[in-house]
Structure formats: structure tokens, C-alpha cells
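Below is one structure, written out as C-alpha cells; comments come after it.
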Amino acid sequence: MSDQEFPGWHGTTIIGVRKGGKVVVAGDGQVSLGQTVIKGTARKVRRLAPGGHEVVCGFAGSTADAFTLLERLEGKLEKSPGQLQRACVDLAKDWRTDKYLQKLEAMLIVTDGKELYVITGAGDVLEPEHDIAAIGSGGNFALAAARGLYAYEEDAETIARTAMAIASDICVYTNGKLTVETISA
5 MSDQEFPGWH
15 GTTIIGVRKG
25 GKVVVAGDGQ
35 VSLGQTVIKG
45 TARKVRRLAP
55 GGHEVVCGFA
65 GSTADAFTLL
75 ERLEGKLEKS
85 PGQLQRACVD
95 LAKDWRTDKY
105 LQKLEAMLIV
115 TDGKELYVIT
125 GAGDVLEPEH
135 DIAAIGSGGN
145 FALAAARGLY
155 AYEEDAETIA
165 RTAMAIASDI
175 CVYTNGKLTV
185 ETISA
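Numbering (this note's numbering), first residue to last: 5 to 189.
Right, dumping it as C-alpha cells:
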């Protein structure tokens with residue numbers, strides 16, 4: 005089947021905002037197939053606790069692929085408790101070099117309340133320059149909105165929620181039904 009016959013799953017917007025000693029990760033709930041909304045209340049932000057160390061993750065892309073990556077990340081965190089950067093780099097290495105993992109189509113935002121990373125299938129582990137990370141189809145809209153708000157708003161959750169509201173007004177693959185998780189340093 006060609007892409008025109010089967011347009012594929014689209015959409016999501018995930019944002020992570022670090023400010024005031026906490027990180028807020030927010031994600032919308034929309035899952036689209038072509039021009040049809042299949043589900044409006046998907047939960048794309050999750051709290052993990054491998055080895056007793058809490059981590060919050062948000063994902064964009066294929067849900068099954070993202071869950072595979074989250075399971076791998078949990079395993080990496082269990083081997084290196086409290087070392088989020090190391091676990092993320094190890095996951096990115098595996099994702100880039102393993103023939104099975106290379107086919108996975110997803111991106112992750114990961115935080116332990118201190119560190120904030122975007123992990124991609126290209127082997128990237130990126131720490132945002134401006135304490136804001138965003139991924140997904142509406143990610144650039146949310147990122148721009150959050151960067152504009154950052155200097156004027158003290159609360160990370162308010163920044164994340166407002167940025168997501170703006171993104172959902174602009175991106176047809178993003179809705180306003182949010183899952184929001186907060187984690188402190």
C-alpha cells in the first residue's frame with residue numbers, strides 16, 4: 005500500500021519546560037489517521053520509576069515504537085540508577101546501531117527534574133539551550149510560544165499549558181486535552 009492509500013498516523017505535541025526548580029512535561033491527546041481524529045484522549049506523557057528514581061517521559065511518533073524505547077530506557081536506568089544522561093546516551097547508541105531499533109519511529113523528551121533531554125533515532129541526545137524542549141507535529145509552535153512566555157511567567161506549568169493551548173489552536177494534529185506531569189529537582 006502506498007502512503008497515499010494509507011496516510012499513516014500523525015500528530016502529537018509534547019513540551020518540556022524547566023523553571024523554578026521543576027520540570028513540567030505536557031502532551032496533547034490527539035491521534036490522527038490521515039485527516040481523521042482516531043482518539044482524542046491518548047496519554048503520551050508517562051512517569052517511570054526504575055530503581056526508585058523517578059523520570060518523566062513524553063513521546064511523539066508511533067506508540068508501539070515509543071513504548072519499546074521507554075522499556076529500553078527503563079532498563080538502562082536500572083543499570084545506571086540516578087544517571088539519566090548516561091542512560092539516554094546508551095539508549096541513543098542502541099537506537100542508532102541496532103538493526104531492529106533503527107526502524108522505530110518516535111522521539112522522546114525525558115527528565116528527572118534536573119536534566120532535560122530530547123532523544124532521537126538519529127543518535128541525538130539533546131539538552132535544550134533555553135530550558136524548553138518540544139517535539140511532534142505542533143512542537144515548533146509550542147516551542148515558540150513557550151520561549152516567548154519564559155521571560156514573563158515564573159511558573160513552568162503555566163508556560164507549558166499556555167504554549168500547548170497556542171499549539172493546539174494552530175496545529176490540526178494537536179488538541180487541548182492535556183496530560184501534564186511535574187517533577188522537581
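Note that CB positions come from ideal geometry on N, CA and C, so glycine has one too.
How about residue i and residue j: are their beta carbons less than 8 Å apart?
| i | j | result |
| --- | --- | --- |
| residue 24 | residue 158 | yes |
| residue 138 | residue 146 | yes |
| residue 181 | residue 33 | yes |
| residue 18 | residue 140 | yes |
| residue 166 | residue 29 | no |
| residue 183 | residue 31 | yes |
| residue 134 | residue 156 | no |
| residue 177 | residue 142 | yes |
Looking at C-alpha atoms only, which residue of the options is the closest neighbour of residue i?
| i | options | result |
| --- | --- | --- |
| residue 199 | 37, 58, 74 | Past the boundaries of the shown model lies residue 199; the chain is included only from 5 to 189, so the question cannot be answered. |
| residue 50 | 44, 59, 43 | 59 |
| residue 164 | 107, 136, 104 | 136 |
| residue 124 | 69, 185, 26 | 69 |
| residue 52 | 77, 46, 36, 148 | 77 |
| residue 16 | 84, 111, 103 | 111 |
Considering only residues of the same chain and omitting the five flanking positions on each side of residue i, which have a CB-CB separation below 7 Å?
| i | result |
| --- | --- |
| residue 10 | Only weak support is given to the placement of residue 10: the predicted model assigns it a pLDDT of 41, under 50, and the value that follows is read from those uncertain coordinates. Cβ neighbours of residue 10 beyond the five flanking positions: none. |
| residue 188 | 25, 26, 117 |
| residue 22 | 120, 135, 160 |
Pop quiz: residue i and residue j are said to be a contact at Cβ under 8 Å. What is the actual Cβ separation, rounded to whole angstroms?
| i | j | result |
| --- | --- | --- |
| residue 129 | residue 96 | 5 Å |
| residue 54 | residue 81 | 4 Å |
Please report the distance separating the alpha-carbon of residue i from that of residue j.
| i | j | result |
| --- | --- | --- |
| residue 7 | residue 66 | Low confidence applies here, because residue 7 scores a pLDDT of 43, under 50, leaving its location unreliable and the question unanswered by this model. |
| residue 101 | residue 108 | 12 Å |
| residue 171 | residue 99 | 29 Å |
| residue 86 | residue 119 | 11 Å |
| residue 117 | residue 90 | 15 Å |
| residue 113 | residue 48 | 11 Å |
| residue 63 | residue 72 | 11 Å |
| residue 160 | residue 185 | 11 Å |
| residue 175 | residue 42 | 16 Å |
| residue 105 | residue 57 | 25 Å |
| residue 150 | residue 169 | 11 Å |
| residue 35 | residue 92 | 26 Å |
| residue 46 | residue 83 | 30 Å |
| residue 40 | residue 179 | 13 Å |
| residue 173 | residue 148 | 13 Å |
| residue 61 | residue 132 | 15 Å |
Leaving out five residues on either side along the sequence, give the residues of the same chain with a beta carbon under 8 Å from the beta carbon of residue i.
| i | result |
| --- | --- |
| residue 79 | 54 |
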